[in-house]
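Protein sequence lines correspond, in order, to chains H and P. Each residue of the first sequence is one higher than the one before, counting from 1 in my numbering. Each residue of the second sequence is one higher than the one before, counting from 140 in my numbering.
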Amino acid sequence: MNDTLINDSIKIINTIIARKVEKGESINWWMWIAVVQFLIIIYLIIKDRLNSKNTEKLRFKNESLAKDIDFDNIINSSFNSTKLYDELKVKCHPDRFPIDDEKNIIADKIFQEITKNKTNIKRLIELKEEAQKKLDLNF
Amino acid sequence: MLNNTWNNIIEWFRDRSERAKLIRSFNESAKTSFVSGIAPTLLKASISKGESTYKHQFSNWLYSGFRIQAFTGRILKKEELIHIGNVILQNDTLVRKLIVLGWDTLEVHGDAGTYGCRWQLKDYIPLPKN
């Protein structure tokens, strides 16, 4: 009696195990959940890294695009700035004001600005006017 | 992910439009200056192939050269071509704009053949790290 009961139980258990292995439900589910979690983590890490890089690039780009360019000044400077620069660098040179200390300091400041802006005719014209007023020069 | 791709597409079109706008503005100013006698030579900006070794992180895949060509009028000497290049390179705002819009090479050419000068734009402005 007991033997048949044990045999029947073993048979039933074997059948259940065989069915589960055949379907493979429990093993596959857990594996797929782990894979998806892993992929989500990888995606979030990559996204985070890309975002930090892009933000810096994007800020640089937006800052650069926000400013306007004076093309008229660029074209004008391309052809006419050299002549004006040559004239200004001679007339505003600090060595031309050796006695007057105040004028010498002003000339030095203007001369430095002239050198810095030698390819910007708009600024050179402004400096010319400044030199005329402050250094009493005639052009 | 989709949002990112969509933003990239919009940005690509915006860049195209900005590039065209910049070239159009340059050419209009050059034309006005030539007609009014401020410039002795008519300059014309266009997009060229560029130099592949000058690439940076904002570079376009193709056509990354900003070419300025001297057309009608007096033929320019080499020093004058270099001076035009220097005027552009010393304008930080313009160089920054050229770089972010995908240009990496500045070319200043005479009217005939390939006579001209070429500069690497990334040498003239500090760029954000890659």
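Just so you know, even glycine gets a beta-carbon here, dropped at the ideal spot from N, CA and C. Computed from a predicted model, the values in this text were never measured in an experiment.
What do you reckon, are the CB atoms on residue i and residue j nearer than 7 Å?
i: residue 154(P); j: residue 193(P); result: no
i: residue 119(H); j: residue 229(P); result: yes
i: residue 248(P); j: residue 208(P); result: yes
i: residue 103(H); j: residue 135(H); result: yes
i: residue 57(H); j: residue 267(P); result: yes
i: residue 163(P); j: residue 187(P); result: no
Under a Cβ-count criterion, where at least 16 other Cβ atoms within 10 Å of its own Cβ denotes burial, should residue i be classed as buried or exposed?
i: residue 258(P); result: buried
i: residue 213(P); result: exposed
i: residue 127(H); result: buried
i: residue 76(H); result: buried
Run through the DSSP bridge pairs and tell me what residue i is partnered with.
i: residue 229(P); result: None, per the DSSP bridge assignment.
i: residue 183(P); result: 208(P)
Please confirm whether residue i has its beta-carbon closer than 7 Å to some beta-carbon of chain P.
i: residue 48(H); result: no
i: residue 142(H); result: Here chain H comprises residues numbered 1 to 139, so residue 142(H) is not present and cannot be evaluated.
i: residue 72(H); result: yes
i: residue 56(H); result: yes
i: residue 83(H); result: no
i: residue 61(H); result: yes
i: residue 139(H); result: no
Determine, for residue i, whether the minimum Cβ-Cβ distance to residues of chain H falls below 7 Å.
i: residue 235(P); result: yes
i: residue 267(P); result: yes
i: residue 221(P); result: no
i: residue 225(P); result: yes
i: residue 244(P); result: no
What do you reckon, is the C-beta of residue i under 6 Å from a heavy atom of the ligand SAM?
i: residue 194(P); result: In terms of ligand content, the structure shown is empty, and the ligand SAM therefore cannot be addressed.
For this session: Identify each residue in the region 150-183 of chain P for which the Cβ-Cβ distance to at least one residue of chain H is less than 8 Å, and report them in chain order.
Result: If the cut-off is 8 Å between Cβ atoms, the region 150-183 of chain P has 157, 161, 164, 165, 167, 168, 169, 171, 172, 177, 178, 179, 180, 182 near chain H.
Exercise. Using a beta-carbon distance cut-off of less than 8 Å, what residues from the region 113-126 of chain H approach chain P?
Worked result: From the region 113-126 of chain H, only 119, 120 have a Cβ closer than 8 Å to chain P.
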